[in-house]
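Peer 1: I have a structure here, written as structure tokens, and I will follow up with some questions on it.
In this note's numbering, the protein residues as written are 1 to 156.
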């Protein structure tokens, strides 16, 4: 259990380092800076994900979740790729700091409002990267089960 917690913390720190490297030279340091950034670029998933990373860096997981939800509500519904980027960040957050149940709830919610195939591919990538192969098998089996249960209309 301690080893898994340490691994989760290291994964989160690595993700933060990658985001920080992308934003080198960025003057975003305070909550107000990030608020101005997302106000000026409301459809930019990168801005929202950086804001989430800011909250995670300060140890506030719940505010990072709320920022993701706010991003999903704010980003234009036609910008599916931008929304999927935020969902991917939320999957990473739930995978690192949440429970298995919270991750699966997040996945179901994402699949209900997006292309479910794209959602499951992104979730699979998150689980594969964190080497959670049992969870990956569960997701794959649930997707396969849904496909085999779906019968085309007109067939008996």
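The beta carbon of each residue, even a glycine, is placed where N, CA and C say it ideally should be.
(1) What residue range is occupied by the uninterrupted alpha helix (DSSP H) comprising residue 121?
(2) If you run the structure through DSSP and keep just helix, strand and coil, what is residue 78?
(3) With a threshold of 8 angstroms, are at least 3 pairs of Cβ atoms found where one atom belongs to the stretch 81–91 and the other to the stretch 45–55?
(4) Let me make sure I understand the geometry here. Which of 131, 35 and 42 has the alpha-carbon closest to that of residue 75?
(5) On a Cα-Cα basis, can you pick out the residue from 128, 139, 39 and 70 that is closest to residue 96?
(6) Answer yes or no: do residue 48 and residue 61 have a C-beta to C-beta separation smaller than 7 angstroms?
(7) Roughly how far, in whole angstroms, is the beta-carbon of residue 93 from the beta-carbon of residue 83, given that I think they are within contact range, below 8 angstroms?
Peer 2: In this structure, then:
(1) Counting along the chain, the alpha helix (DSSP H) containing residue 121 begins and ends at 116–129.
(2) Residue state, collapsed to three classes: coil.
(3) Yes, they touch.
(4) When only C-alpha atoms are compared, the closest one is 42.
(5) Cα-wise, what sits closest to residue 96 is 128.
(6) Not a contact, by the Cβ cut-off of 7 angstroms.
(7) Between residue 93 and residue 83 the beta-carbon gap is near 15 angstroms, outside 8 angstroms, which marks them as no contact.
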